[in-house]
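K.L.:
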Ligand SMILES: *Cc1c(COP(=O)(O)O)cnc(C)c1O
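Numbering (my numbering), first residue to last: 4 to 400.
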């Protein structure tokens, strides 16, 4: 299984080790699950409210709304702001499809903005150009999507993504949003636990969406997600959308909504996980700094960059190498799993061929997509394992 050729008895290295975490808190998880089996409030039971309160405290924000997935959290936030046909939503193409999928589902149009080559997050200077280009309906200012509607798009929202666990650069983004009256939705599906200039990810925009998909830094044992906001009205609307657009109850329907509740059982599983999350974040820092120290000085690789005043939660530890394929192959032979996030930027996905983006339109994203790969990253990686991965990477380049 490990493919070790050197005959040493080494246990396989996991890309993400959920079993090690479970071993640590299994009795607490079981007792929380038993609690749900005993009280039987399977839909929006007390664990959901308890988790929402604790997560809001963790993030330092007024409202947390537990929902069915990260994708639904993004969708509901845009629904709460009535984003729809004719609206331009600016976002990065170097992310998971969910970020822009929700824009398209609502009939709005994603306008893809290239990324900063060091952080892989949306580039605020290019964002300014893209807003200007939409306002002037002039693709010579910045590449714009083709639209079926002859009417020019109206700039409405920005979705920055805290990619790989590193918050986007919110000061200039929020400044642009204020200037142009745009709504900002933080996609922090990978970012919960990250810090930007003293503030927690999830609190950095008008609303935020996170995911509890099992492999995320804070994951449950199924699908789940949450919305964060300080805005009372947006929180109310989100809670209504979560239950079929309910007014006083779910048979009083005051808007079109969804069935998008966080499961009580998933909340019960998340509660003990949230208890150890701060420690796990520390362990993630240990792993990342040991990687970075070991790989520093290797000029054939670009290691992740964390700007001053930021903390990454290291959802991924991502390297950049022009020789990606051969490096990955050598690592695989030594029993070290790697993964590519993301091999194709969204503007070049077949699902978006209707937008008419050309190869070369967003060059930093396109080059990154060809060169990035991620190393195993989880809080339970041992120092010896990290050292073994580092030396194998150094040999492979
Ligand atoms: C995982 C992810 C999502 C979607 O979350 P789900 O819970 O899987 O729906 C959205 N955006 C980004 C950046 C993600 O990594």
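Here a beta-carbon is modelled for each residue, glycine too, at the ideal position from N, C-alpha and C.
Alpha carbon to alpha carbon, how far is residue 213 from residue 63? Give it in angstroms, no decimals.
P.N.:
If I take the Cα positions, the gap works out to 15 angstroms.
K.L.:
Is the distance from the Cβ of residue 185 to the Cβ of residue 146 below 7 angstroms?
P.N.:
No. Outside cutoff.
K.L.:
Nearest CA to the CA of residue 79: which residue from 237, 253 and 365?
P.N.:
The shortest C-alpha separation from residue 79 is found at 237.
K.L.:
Assuming residue 112 is part of the beta strand (DSSP E), what are its boundary residues?
P.N.:
That run of the beta strand (DSSP E) goes 112-115.
K.L.:
Got a list of residues with beta-carbon closer than 6 angstroms to any non-hydrogen atom of ligand 1, in chain order?
P.N.:
Having a Cβ closer than 6 angstroms to some heavy atom of ligand 1 are 72, 73, 74, 98, 99, 101, 102, 164, 190, 192, 193, 214, 216, 226 and 228.
K.L.:
Going by other Cβ atoms of all chains shown within 10 Å of its Cβ, with 16 needed for buried, is residue 4 buried or exposed?
P.N.:
Interpretation of residue 4 is limited by its pLDDT of 39, a score under 50 that renders its predicted location unreliable; no figure is taken from the coordinates.
K.L.:
Unbroken beta strand (DSSP E) runs of length 3 or more, entirely within the region 54-111: which are they?
P.N.:
Entirely contained in the region 54-111, the beta strand (DSSP E) runs reaching 3 residues are, in chain order, 66-70 and 90-94.
K.L.:
Using CA atoms only, rank isn't needed, just tell me which of 74, 106 and 271 is closest to residue 88.
P.N.:
Closest by alpha carbon: 106.
K.L.:
Output yes or no for whether 7 angstroms exceeds the beta carbon distance between residue 378 and residue 301.
P.N.:
Their beta carbons are not under 7 angstroms apart, which means residue 378 does not touch residue 301 by this criterion.
K.L.:
For residue 210, which beta-bridge partners are listed by DSSP?
P.N.:
Its beta-bridge partners are 188 and 232.
K.L.:
Quick check: what's the CA-CA separation for residue 136 versus residue 93?
P.N.:
Their backbone Cα atoms lie some 11 angstroms apart in a straight line.
K.L.:
Take the Cβ of residue 65 as the centre, count every other Cβ of all protein chains shown within 10 Å, and call the residue buried at 16 or more, exposed below.
P.N.:
Its Cβ having fewer than 16 others within 10 Å, residue 65 is exposed.
K.L.:
Check each candidate in 307, 277 and 133 and name the one with the smallest Cα separation from residue 288.
P.N.:
Looking at the Cα atoms, 307 is the closest of the given residues.
K.L.:
Going by beta carbon distance, what residues of the same chain come within less than 6 angstroms of residue 211, once the five residues before and after it are set aside?
P.N.:
Closer than 6 angstroms at the Cβ level, and outside the excluded window around residue 211, lie 189, 191, 205 and 231.
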